[in-house]
């Protein structure tokens, strides 16, 4: 059986905080990536035809 | 002639910046495996941390070690990663290196915060105090402020290139703090115990405690790598968005 003795009040906050910070980082990072991807998609749909009209420059071969 | 070549080079490097397809393909391919491996290592490590025996002196409070020590390792590992990335960014102007440094910084700050707070939670029952201004604790606090400075400075310039360069220089200068943290427990008198795992000879820690600790360390590292790739991808998308906006603005003007 797991023993905590008198230290449970220190052990649980340490684990809870670690889990909270790591999960928080993950959730925030994923949310920001999704938001930016959505924004980029709507932008590319709107601004796409504009870019096609410009003359191809050096290095444009890598594009899309 | 040479300025033309420089402009062409710049265009190429900017272009790579806008569309680093190879990196994105690699990140997308590795991502799921890294997350799965991180979750597995953390699950096994957690099981080990709670199955491990209690310390004969510290009792159950030793369980805090399994989150405190990996957090502290990551605090230094992430900073070292940022320093290496900054060096690559300054010397070779590799655009992904700048992105890596920028994406890693808040993660490192979070791990340093965890190391400080879990350390305080361990210090209170064991040392009788949440905090002492000794070499180890103070140098880790400085590391935390270096992270905050690095995050702030990159966004403090009108011109993002200058901001990134200033942040890279700060990261390199601040790297001197990493060996100070590592050896602080040997060089100065401190309440903090010296290294138990990376000792010459055998580790001063029983295998039943060592394996969960190392597994947690592996889990934290995999978590960081997976998160770094995800955040770099996010920075690339943000950069593309900025480029598109600028192109649209230029199109509207001309």
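Residue numbers (our numbering), protein chains in the order written: chain F, -9 to 54; chain R, 359 to 612. Note that beta-carbon positions come from the ideal geometry of N, C-alpha and C, so glycine has one too. Model, not experiment: these values are computed from the prediction.
- Every alpha helix (DSSP H) of 4 residues or more that sits fully in the stretch 463 to 536 of chain R is shown, in chain order, as 493 to 512 and 518 to 532.
- Residue 483 of chain R reaches chain F at -4, -3, -1 and 0, counting residues in chain order whose Cβ is nearer than 9 Å.
- With distances taken between CA atoms, residue 421 of chain R lies nearest to R:568 out of R:568, R:391 and R:517.
- Contact of residue 35 of chain F with chain R is not assigned, every C-beta pair being separated by 8 Å or more.
- In the DSSP assignment, residue 413 of chain R forms a beta bridge with R:417.
- Within chain R, not a single residue places a beta-carbon under 7 Å from that of residue 13 of chain F; the smallest gap is close to 10 Å.
- Between the alpha carbons of residue 580 of chain R and residue 392 of chain R lies a gap of roughly 6 Å.
- With contacts defined as CB atoms closer than 8 Å, residue 419 of chain R and residue 484 of chain R qualify as a contacting pair.
- Within 10 angstroms of the beta-carbon of residue 523 of chain R lie 16 or more other beta-carbons, which makes it buried.
- In the structure shown, the three-state DSSP call for residue 555 of chain R is coil.
- Check the Cα spacing between residue 23 of chain F and each of R:435, R:456, R:603 and R:587: the tightest is with R:587.
- The three-state secondary structure of residue 563 of chain R, taken from DSSP, is coil.
- Here residue 403 of chain R is near residue 574 of chain R, since their CB atoms are less than 8 Å apart.
- For residue 19 of chain F, the C-beta contacts it makes with chain R under 7 Å involve 585, 588, 589 and 592, in order along the chain.
- Pairing residue 601 of chain R with residue 461 of chain R, the inter-Cα distance amounts to about 19 Å.
- Taking a C-beta cut-off of 8 Å against chain F, the contacting residues of the stretch 429 to 457 of chain R are 429, listed in chain order.
- Burial is judged here by how many other beta carbons sit within 10 angstroms of a residue's own beta carbon; residue 562 of chain R has fewer than 16 and is exposed.
- Secondary structure of residue 381 of chain R (DSSP, three-state): helix.
- When the beta-carbon positions are compared, residue 448 of chain R and residue 526 of chain R come within less than 8 Å of each other.
- The C-beta distance from residue 502 of chain R to residue 474 of chain R rounds to 6 Å, short enough to fall under 8 Å.
- In terms of beta-carbon proximity, residue 422 of chain R lines the interface with chain F, with at least one pair separated by less than 8 Å.
- Residue 549 of chain R sits in coil when the DSSP states are folded into three classes, being neither helix nor strand.
- Residue 423 of chain R and residue 571 of chain R have their C-alpha atoms some 8 Å from each other.
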